[in-house]
Amino acid sequence: MKNDTADQHSSYPGVPAEIREAARMAPDHWFGMVDPTWQGHGTPPAWAVMGEWRSGVEGEIEEWRDNAEYRPSPAALGWPDPTDSIDEALQLAATGYGPVENLIRLLATAHVRILLTPDELPLSTQTVDNFPVVPVFTSDAYVRTLNGLRSRTLPMADVMAQIVERHGIYVNPVGPVGMVVEAEPLNAAIAAAQADAPS
Numbered sequence: 007m008k009n010d011t012a013d014q015h016s017s018y019p020g021v022p023a024e025i026r027e028a029a030r031m032a033p034d035h036w037f038g039m040v041d042p043t044w045q046g047h048g049t050p051p052a053w054a055v056m057g058e059w060r061s062g063v064e065g066e067i068e069e070w071r072d073n074a075e076y077r078p079s080p081a082a083l084g085w086p087d088p089t090d091s092i093d094e095a096l097q098l099a100a101t102g103y104g105p106v107e108n109l110i111r112l113l114a115t116a117h118v119r120i121l122l123t124p125d126e127l128p129l130s131t132q133t134v135d136n137f138p139v140v141p142v143f144t145s146d147a148y149v150r151t152l153n154g155l156r157s158r159t160l161p162m163a164d165v166m167a168q169i170v171e172r173h174g175i176y177v178n179p180v181g182p183v184g185m186v187v188e189a190e191p192l193n194a195a196i197a198a199a200q201a202d203a204p205s
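Going by the numbering used here, the sequence shown opens with residue 7, and the numbers climb by one from there.
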């Protein structure tokens, strides 16, 4: 008799049709369910596997077990769609589905919105662990949250040229996830982008 307990349990993902078909062809086996955000080749890393389904001796799905090593992707966490390519790279880096280097490379050539001090300089603040940062915003969706605060759009290179030494950049602090990028790797990426630019 078919067992639909797994389908009805609120903490289980729905059983995909391809898993049901595989179960019928391979009774009494475990089948890993990979987070769809992972787009690598070959065997997926353990952190990209949400969990495993087990087929019973009659080829029906009977059990689910979570993977303790699983890292939920932005989609699995229910985050809204990224507003732009930088926001996408940020979400992927924050969840471990993409390298931080992609975010830094995109930031290096980006135009970003910054808040201004009364002296027209980039406004700085601190993170909860007292690291000095300059908040930057990469899309109109996030700029609208500033609600009339004084701000300006600048190339990232110009922002970095104006900020106080030892300050980092806090990217999209009003988004579903923000990220602090330290000055040294960002300045190196800016220098590399400028060296590669046509004269």
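Ideal Cβ placement from N, Cα and C applies to all residues, glycine included.
At the C-beta level, V183 and L121 stay beyond 8 angstroms of one another.
Looking at the backbone, the Cα of V139 and that of L152 are separated by about 17 angstroms. Across the structure, L127 and A194 are spaced so that their CA atoms are roughly 22 angstroms apart. In the three-state scheme derived from DSSP, where H, G and I count as helix and E and B as strand, Y103 is classed as coil. DSSP places L155 in the coil class of the three-state scheme, outside both helix and strand. Sequence-distant partners of A147 (beyond 5 residues in either direction) whose C-beta falls short of 8 angstroms from its own C-beta, in its chain, are T89.
In the DSSP annotation of this structure, the continuous segment of the alpha helix (DSSP H) that includes L192 starts and ends at 189-202.
Secondary structure note for Y176: its beta strand (DSSP E) is the uninterrupted segment 174-177.
For E69 against R60, the beta-carbon gap comes to about 4 angstroms, under 8 angstroms, which counts as contact. For E69, the enclosing beta strand (DSSP E) has its first and last residue at 67-72.
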